[in-house]
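> Can you read through this structure? Questions will come right after.
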(Lines of atoms letter the chains of each structure in order from A; the text may use other names.)
(Lines give C-alpha, C1' and ligand atoms only; values in the text may rest on other atoms or scores of the structure.)
Protein backbone atom coordinates (compact mmCIF):
# COMPACT_ATOMS: atom_id res chain seq x y z
CA UNK A 35 0.00 0.00 0.00
CA UNK A 36 1.01 3.63 -0.34
CA UNK A 37 0.53 5.92 2.64
CA UNK A 38 -0.32 9.55 2.10
CA UNK A 39 2.47 12.12 2.17
CA UNK A 40 1.03 13.55 5.39
CA UNK A 41 1.13 10.19 7.16
CA UNK A 42 4.65 9.46 5.96
CA UNK A 43 5.75 12.89 7.19
CA UNK A 44 4.16 12.21 10.57
CA UNK A 45 6.07 8.95 10.86
CA UNK A 46 9.32 10.66 9.86
CA UNK A 47 8.71 13.32 12.51
CA UNK A 48 8.11 10.62 15.12
CA UNK A 49 11.36 8.89 14.14
CA UNK A 50 13.33 12.10 14.67
CA UNK A 51 11.82 12.51 18.13
CA UNK A 52 13.53 9.46 19.62
CA UNK A 53 17.19 8.37 19.81
CA UNK A 54 16.21 4.89 18.62
CA UNK A 55 13.91 4.45 15.65
CA UNK A 56 12.00 1.54 17.15
CA UNK A 57 10.68 3.87 19.85
CA UNK A 58 8.67 5.54 17.09
CA UNK A 59 6.79 2.35 16.19
CA UNK A 60 3.87 3.21 18.48
CA UNK A 61 3.09 6.65 17.01
CA UNK A 62 3.85 5.36 13.51
CA UNK A 63 1.25 2.61 13.82
CA UNK A 64 -1.19 5.11 15.25
CA UNK A 65 -0.69 7.35 12.21
CA UNK A 66 -1.33 4.46 9.81
CA UNK A 67 -4.44 3.36 11.67
CA UNK A 68 -5.72 6.92 11.70
CA UNK A 69 -5.49 7.04 7.91
CA UNK A 70 -6.53 3.52 6.96
CA UNK A 71 -8.72 2.46 9.88
CA UNK A 72 -6.70 -0.66 10.72
CA UNK A 73 -3.19 -2.10 10.34
CA UNK A 74 -2.85 -4.19 7.21
CA UNK A 75 0.32 -6.25 6.58
CA UNK A 76 1.28 -3.81 3.81
CA UNK A 77 0.84 -0.84 6.14
CA UNK A 78 3.06 -2.40 8.80
CA UNK A 79 5.71 -3.25 6.21
CA UNK A 80 5.74 0.38 5.11
CA UNK A 81 6.21 1.48 8.72
CA UNK A 82 9.17 -0.90 8.96
CA UNK A 83 10.72 0.56 5.80
CA UNK A 84 10.30 4.16 6.93
CA UNK A 85 11.72 3.49 10.41
CA UNK A 86 14.42 1.07 9.18
CA UNK A 87 13.34 -1.63 11.62
CA UNK A 88 12.30 -5.21 10.96
CA UNK A 89 8.75 -6.11 10.02
CA UNK A 90 8.66 -8.55 12.94
CA UNK A 91 9.34 -5.71 15.40
CA UNK A 92 6.44 -3.72 14.00
CA UNK A 93 4.11 -6.71 14.04
CA UNK A 94 5.05 -7.56 17.63
CA UNK A 95 4.03 -4.08 18.79
CA UNK A 96 0.83 -4.06 16.75
CA UNK A 97 -0.39 -7.33 18.24
CA UNK A 98 0.57 -6.51 21.84
CA UNK A 99 -1.71 -3.49 22.31
CA UNK A 100 -5.47 -3.92 22.06
CA UNK A 101 -6.00 -0.48 20.54
CA UNK A 102 -4.34 -1.51 17.30
CA UNK A 103 -6.62 -3.29 14.84
CA UNK A 104 -5.50 -6.00 12.42
CA UNK A 105 -8.82 -5.92 10.60
CA UNK A 106 -11.36 -3.17 9.86
CA UNK A 107 -13.36 -2.00 12.87
CA UNK A 108 -16.47 0.07 13.24
CA UNK A 109 -16.23 3.83 13.43
CA UNK A 110 -16.80 3.62 17.19
CA UNK A 111 -15.64 0.99 19.68
CA UNK A 112 -17.63 -0.03 22.75
CA UNK A 113 -15.97 -2.04 25.52
CA UNK A 114 -18.11 -3.34 28.40
CA UNK A 115 -16.48 -4.32 31.68
CA UNK A 116 -17.56 -7.72 33.03
CA UNK A 117 -15.31 -7.91 36.08
CA UNK A 118 -16.75 -8.65 39.51
CA UNK A 119 -17.83 -5.11 40.49
CA UNK A 120 -19.63 -4.54 37.20
CA UNK A 121 -21.01 -8.09 37.12
CA UNK A 122 -22.57 -7.65 40.56
CA UNK A 123 -24.23 -4.42 39.42
CA UNK A 124 -25.81 -5.69 36.22
CA UNK A 125 -23.13 -5.94 33.53
CA UNK A 126 -24.76 -9.08 32.13
CA UNK A 127 -27.99 -7.16 31.57
CA UNK A 128 -26.06 -4.42 29.76
CA UNK A 129 -24.35 -6.99 27.53
CA UNK A 130 -27.70 -8.58 26.69
CA UNK A 131 -29.17 -5.15 25.92
CA UNK A 132 -26.29 -4.30 23.58
CA UNK A 133 -26.71 -7.59 21.74
CA UNK A 134 -30.36 -6.74 21.13
CA UNK A 135 -29.93 -3.05 20.32
CA UNK A 136 -26.87 -3.44 18.08
CA UNK A 137 -28.03 -6.65 16.47
CA UNK A 138 -24.73 -8.50 16.80
CA UNK A 139 -22.79 -10.51 19.35
CA UNK A 140 -19.84 -9.36 21.42
CA UNK A 141 -16.69 -9.18 19.30
CA UNK A 142 -18.64 -8.18 16.19
CA UNK A 143 -19.27 -5.07 14.13
CA UNK A 144 -22.73 -3.71 13.40
CA UNK A 145 -24.08 -4.09 9.88
CA UNK A 146 -23.83 -0.34 9.27
CA UNK A 147 -20.17 -0.27 10.34
CA UNK A 148 -20.81 2.18 13.16
CA UNK A 149 -19.88 0.07 16.19
CA UNK A 150 -17.48 -2.71 17.06
CA UNK A 151 -18.16 -3.89 20.59
CA UNK A 152 -16.85 -6.46 23.03
CA UNK A 153 -17.51 -7.63 26.56
CA UNK A 154 -14.32 -9.57 27.24
CA UNK A 155 -12.48 -6.89 29.22
CA UNK A 156 -11.91 -7.98 32.81
CA UNK A 157 -11.51 -4.51 34.33
CA UNK A 158 -11.65 -0.93 33.11
CA UNK A 159 -10.61 0.52 36.47
CA UNK A 160 -13.98 2.22 36.94
CA UNK A 161 -15.33 0.06 39.75
CA UNK A 162 -16.78 3.06 41.59
CA UNK A 163 -19.14 3.68 38.66
CA UNK A 164 -20.13 0.09 37.95
CA UNK A 165 -21.52 -1.10 35.65
CA UNK A 166 -19.24 0.72 33.24
CA UNK A 167 -18.14 0.70 29.64
CA UNK A 168 -15.89 2.72 27.37
CA UNK A 169 -16.98 4.37 24.17
CA UNK A 170 -13.94 5.42 22.13
CA UNK A 171 -11.88 5.30 25.33
CA UNK A 172 -14.26 7.54 27.29
CA UNK A 173 -15.77 6.10 30.44
CA UNK A 174 -19.55 5.80 30.67
CA UNK A 175 -20.54 4.76 34.19
CA UNK A 176 -23.61 3.71 36.18
CA UNK A 177 -25.05 2.19 33.04
CA UNK A 178 -28.71 1.54 32.40
CA UNK A 179 -30.27 0.39 29.13
CA UNK A 180 -31.57 3.93 28.66
CA UNK A 181 -28.18 5.59 29.22
CA UNK A 182 -26.52 3.09 26.87
CA UNK A 183 -29.04 3.91 24.14
CA UNK A 184 -28.51 7.66 24.66
CA UNK A 185 -24.73 7.29 24.50
CA UNK A 186 -24.85 5.25 21.30
CA UNK A 187 -27.29 7.71 19.73
CA UNK A 188 -24.89 10.58 20.48
CA UNK A 189 -22.04 8.62 18.89
CA UNK A 190 -24.09 7.94 15.77
CA UNK A 191 -24.90 11.64 15.52
CA UNK A 192 -21.17 12.41 15.35
CA UNK A 193 -20.68 10.32 12.20
CA UNK A 194 -19.90 12.15 8.92
CA UNK A 195 -23.17 11.09 7.32
CA UNK A 196 -25.21 12.48 10.22
CA UNK A 197 -26.97 15.81 9.90
CA UNK A 198 -25.21 18.46 11.95
CA UNK A 199 -26.49 21.74 13.26
CA UNK A 200 -24.83 25.16 13.35
CA UNK A 201 -21.50 25.00 15.11
CA UNK A 202 -21.39 21.19 15.09
CA UNK A 203 -18.10 19.81 13.81
CA UNK A 204 -18.21 16.59 11.85
CA UNK A 205 -15.98 14.06 13.55
CA UNK A 206 -16.01 15.90 16.87
CA UNK A 207 -16.37 13.81 19.99
CA UNK A 208 -20.02 13.46 20.96
CA UNK A 209 -21.23 15.34 23.98
CA UNK A 210 -21.77 13.35 27.15
CA UNK A 211 -25.05 11.52 26.95
CA UNK A 212 -25.55 11.35 30.68
CA UNK A 213 -24.06 12.42 33.98
CA UNK A 214 -22.42 8.99 34.14
CA UNK A 215 -19.98 9.80 31.35
CA UNK A 216 -16.45 11.00 31.95
CA UNK A 217 -13.47 11.21 29.70
CA UNK A 218 -10.08 9.68 30.03
CA UNK A 219 -7.25 12.09 29.36
CA UNK A 220 -5.63 11.86 25.93
CA UNK A 221 -1.85 11.98 25.63
CA UNK A 222 -0.14 15.19 24.65
CA UNK A 223 0.01 15.53 20.90
CA UNK A 224 -2.62 12.85 20.39
CA UNK A 225 -4.79 12.99 17.28
CA UNK A 226 -8.53 13.32 17.52
CA UNK A 227 -10.71 10.65 15.92
CA UNK A 228 -13.98 9.49 17.42
CA UNK A 229 -13.28 5.77 17.63
CA UNK A 230 -9.55 5.71 18.20
CA UNK A 231 -7.76 4.53 21.26
CA UNK A 232 -5.46 6.49 23.62
CA UNK A 233 -1.88 5.82 22.61
CA UNK A 234 0.40 4.03 25.09
CA UNK A 235 3.49 5.95 26.03
CA UNK A 236 6.52 5.14 23.90
CA UNK A 237 9.79 4.43 25.70
CA UNK A 238 13.33 4.50 24.46
CA UNK A 239 15.25 1.27 24.34
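In my numbering, the protein residues as written are 35 to 239.
Each residue gets a CB set at the ideal place from its N, CA and C atoms; glycine is no exception.
Taking just the CA atoms, how far does residue 155 sit from residue 36?
For residue 36 and residue 155, the distance between alpha carbons rounds to 34 Å.
> Within 10 Å of its beta-carbon, does residue 108 have 16 or more other beta-carbons around it, so buried, or fewer, so exposed?
Buried.
> Ignoring anything shorter than 3 residues, give me the beta strand (DSSP E) runs that lie fully in the stretch 119-196, in order along the chain.
List check, beta strand (DSSP E) in window: 149-155, 167-169 and 172-174.
> Say whether the stretch 163-174 touches the stretch 109-129, bearing in mind that this needs 3 or more beta-carbon pairs closer than 8 Å, one atom from each stretch.
With a cut-off of 8 Å, the stretch 109-129 and the stretch 163-174 count as touching, because enough Cβ pairs lie within range.
> Can you grab the Cα-Cα spacing for the pair residue 140 / residue 64, in whole Å?
The straight-line gap from Cα to Cα measures roughly 24 Å.
> Given residue 49, which residues of its chain have a CB within under 8 Å of its CB, disregarding the five upstream and five downstream residues?
Same-chain partners within the cutoff: 55, 58, 62, 84 and 85.
> If you count every other CB in all the chains shown that lies within 10 Å of the CB of residue 259, and 16 or more means buried, which is it?
Only positions 35 to 239 of the chain appear in this structure, which leaves residue 259 out of reach.
> When the Cβ atoms of the stretch 36-46 are set against those of the stretch 67-77, are three or more pairs found closer than 8 Å?
The stretch 36-46 is in contact with the stretch 67-77.
> Leaving out the 5 sequence neighbours to the left and right, which residues in its chain are closer than 7 Å to residue 93 when beta-carbon positions are compared?
78.
> Is the CB-CB distance between residue 182 and residue 131 below 8 Å?
Yes, the pair counts as a contact, with Cβ atoms nearer than the cut-off.
> Would the beta-carbon of residue 95 fall within 8 Å of that of residue 60?
The answer is yes: Cβ separation under 8 Å.
> When burial is assigned at 16 or more other CB atoms within 10 Å of the CB, is residue 115 buried or exposed?
It counts as buried.
> Which one or two residues does DSSP pair with residue 70 in a beta bridge?
According to DSSP, residue 70 bridges with nothing at all.
> Use the C-beta contact count for residue 44: other C-beta atoms within 10 angstroms, 16 or more gives buried, fewer gives exposed.
Buried, since its Cβ has 16 or more Cβ neighbours within 10 Å.
> Do residue 177 and residue 128 have their C-beta atoms within less than 8 Å of each other?
In contact: residue 177 and residue 128 (Cβ atoms closer than 8 Å).
> Alpha carbon to alpha carbon, what distance is there between residue 53 and residue 145?
Their backbone Cα atoms lie some 44 Å apart in a straight line.
> DSSP three-state label for residue 95, please.
Helix, per DSSP.
> Please name the residue, chosen from 112, 117 and 106, that lies closest to residue 168 on a Cα-to-Cα basis.
Of the candidates 112, 117 and 106, the one whose C-alpha sits nearest the C-alpha of residue 168 is 112.
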